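Scroll down for the structure; my scribbles are underneath it.
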Amino acid sequence: MTGALPYDEVVRGRRSIRGFLDKPVPRALIAEIIEVAMRAPSSFNNQCWNFSVVTGAPLDAIRRGNSEGILAGKPDSREFRRFDRVVDAHRARQIEIAKQLFGAMGIARDDRDARQDWVLRGFRQFDAPVSVVVTYDRALLGSDIAPFDCGAVTNALVNAAWSRGLGCVINSQGIMQSPVVREHAHIPDDQVIMICVAMGWPDETFPANAVVSNRKSVDEAVRFVGFDD
Ligand SMILES: Cc1cc2nc3c(=O)[nH]c(=O)nc-3n(C[C@H](O)[C@H](O)[C@H](O)COP(=O)(O)O)c2cc1C
Numbered sequence: 025m026t027g028a029l030p031y032d033e034v035v036r037g038r039r040s041i042r043g044f045l046d047k048p049v050p051r052a053l054i055a056e057i058i059e060v061a062m063r064a065p066s067s068f069n070n071q072c073w074n075f076s077v078v079t080g081a082p083l084d085a086i087r088r089g090n091s092e093g094i095l096a097g098k099p100d101s102r103e104f105r106r107f108d109r110v111v112d113a114h115r116a117r118q119i120e121i122a123k124q125l126f127g128a129m130g131i132a133r134d135d136r137d138a139r140q141d142w143v144l145r146g147f148r149q150f151d152a153p154v155s156v157v158v159t160y161d162r163a164l165l166g167s168d169i170a171p172f173d174c175g176a177v178t179n180a181l182v183n184a185a186w187s188r189g190l191g192c193v194i195n196s197q198g199i200m201q202s203p204v205v206r207e208h209a210h211i212p213d214d215q216v217i218m219i220c221v222a223m224g225w226p227d228e229t230f231p232a233n234a235v236v237s238n239r240k241s242v243d244e245a246v247r248f249v250g251f252d253d
């Protein structure tokens, strides 16, 4: 085990990484990270999660197929339910992080080409050397618990990676054309595709990697009930 950083330092320091060095990630290190991540709790300890770790030619084929499908106007075929429209505080937060990222990258509001280029990077999983596709057992399809458990293990995964110097971005753009991901990652039919995580060594010179996203305050998020103090 090579994990070194204290927990709070990992959680507070972690950021989504969207620019990667062209440097391979050892398979054993990824296995170690997934082993740590799978200490995540799950309902009835069902451990419904599975992982397809993709690199090299199959990952390039996924990037290509995902991008081409989107550019050709193929509908979103992700295997989870989505909201139709983001409004109010959620929309405001979406705009805020986009402004932070575009600001860091020097992308002007009216620069449509640069904005499009950024979106396309997302569909290519930010050209990361590794994609971890998180899936769950189809036997649990229809339960909200399986996506919840996948969220727990995915959060643990990005933190375990960060603790070892690796950067990640959880990336739902990368699975927009899920049949392409299924085909090239050879994901069996008994698995539902939940999300992918783009992973690699952070490029410290990539401006968006320095962006620290905001969080609402504990006062905004929490109601304490039944406390005396
Ligand atoms: C389920 C999920 C899907 C996400 N999909 C994308 C994505 O497609 N593209 C992207 O750039 N970031 C994506 N993100 C990253 C979020 O934008 C990011 O976690 C959030 O802005 C907070 O920033 P931080 O991770 O740096 O703390 C996703 C995160 C989650 C949890």
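Take the position in the sequence shown, starting the count at 1, then add 24; the result is the number in our numbering. Just so it is clear, CB atoms sit at the ideal spot from N, CA and C, and this is done for glycine as well. Values in this document were obtained by computation on a predicted structure and should not be read as measured data.
{"query": "Check whether the Cβ atoms of Ala-232 and Ala-64 sit closer than 8 Å, and answer yes or no.", "result": "no"}
{"query": "Counting only runs that start and end within the segment 103-191, where is the beta strand (DSSP E) found for 3 or more residues in a row?", "result": "154-161"}
{"query": "Smallest Cα separation from Met-200: which of Asn-238, Gly-146, Met-223, Asp-168?", "result": "Gly-146"}
{"query": "Kindly provide the ranges of any alpha helix (DSSP H) runs that are 4 or more residues long and lie completely inside the segment 39-92, ordered along the chain.", "result": "51-61"}
{"query": "Where does the unbroken beta strand (DSSP E) through Gly-224 begin, and where does it stop?", "result": "215-224"}
{"query": "For Asn-195, is the beta carbon positioned less than 7 Å from some heavy atom of ligand 1?", "result": "yes"}
{"query": "Can you tell me the Cα-Cα spacing of Val-193 and Trp-225, whole angstroms?", "result": "12 Å"}
{"query": "Run the proximity test for Arg-39: is its beta-carbon closer than 7 Å to any non-hydrogen atom belonging to ligand 1?", "result": "yes"}
{"query": "Would you mind stating whether Ala-185 and Ile-57 have Cβ atoms separated by less than 8 Å?", "result": "yes"}
{"query": "Are the beta-carbon atoms belonging to Ile-217 and Arg-206 less than 8 Å from one another?", "result": "yes"}
{"query": "Taking the continuous alpha helix (DSSP H) assigned at Ser-202, which residues delimit it?", "result": "202-208"}
{"query": "Please report how far the alpha carbon of Arg-115 lies from the alpha carbon of Leu-125, in whole angstroms.", "result": "15 Å"}
{"query": "Could you compute how far the alpha carbon of Gly-254 sits from the alpha carbon of Arg-36?", "result": "Absent from the model: residue 254. The displayed extent of the chain is 25 to 253, so no value can be given."}
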